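With numbering that gives the first Met the number 0, letter number 38 in the sequence shown gets 37, and the count goes up by one each step, no holes.
C-beta: ideal position from N, C-alpha, C; glycine also.
Please read these numbers as outputs of a predicted model, since none were measured by experiment.
Structure record follows, encoded as structure tokens.
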Amino acid sequence: MTVNFDPLGGILLVGACVVGYFVHKHSARQETAGKGDIVGAIVAATSVLTALVLIFGGDHTPPPSSAPTGSGTPSAPASPPSAGR
Numbered sequence: 000m001t002v003n004f005d006p007l008g009g010i011l012l013v014g015a016c017v018v019g020y021f022v023h024k025h026s027a028r029q030e031t032a033g034k035g036d037i038v039g040a041i042v043a044a045t046s047v048l049t050a051l052v053l054i055f056g057g058d059h060t061p062p063p064s065s066a067p068t069g070s071g072t073p074s075a076p077a078s079p080p081s082a083g084r
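Right under this line is the structure:
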């Protein structure tokens with residue numbers, strides 16, 4: 000199965016992962032245990048990803064729907080039968 004990614008979306012995801020990595024490394028240097036704050040790194044990465052998607056990726060239009068092929072002309076709406084006077 001092939002999954003196609005939008006190139007801009009991939010770049011945004013990689014950028015968010017890089018930010019998360021650096022936040023994790025920075026928090027590992029600050030703590031005495033040296034484990035790092037993984038929750039803070041995930042929050043930072045998702046915040047950056049959300050902001051970048053809103054800035055750069057918010058103008059995507061949905062792909063055209065695959066409507067069934069027919070005569071090509073839309074049908075007229077049905078009108079109620081008129082009573083003869």
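Taking 8 Å as the threshold, find out whether the stretch 10-30 comes into contact with the stretch 43-51 through three or more Cβ pairs.
yes
Would DSSP call residue 35 helix, strand or coil?
coil
For residue 28 and residue 38, I'd like the C-alpha separation in whole angstroms.
Within the model, the alpha-carbon separation for residue 28 versus residue 38 is close to 15 Å.
From the DSSP output, in three-state form, read off residue 1 for me.
If DSSP states are grouped into helix, strand and coil, residue 1 belongs with coil.
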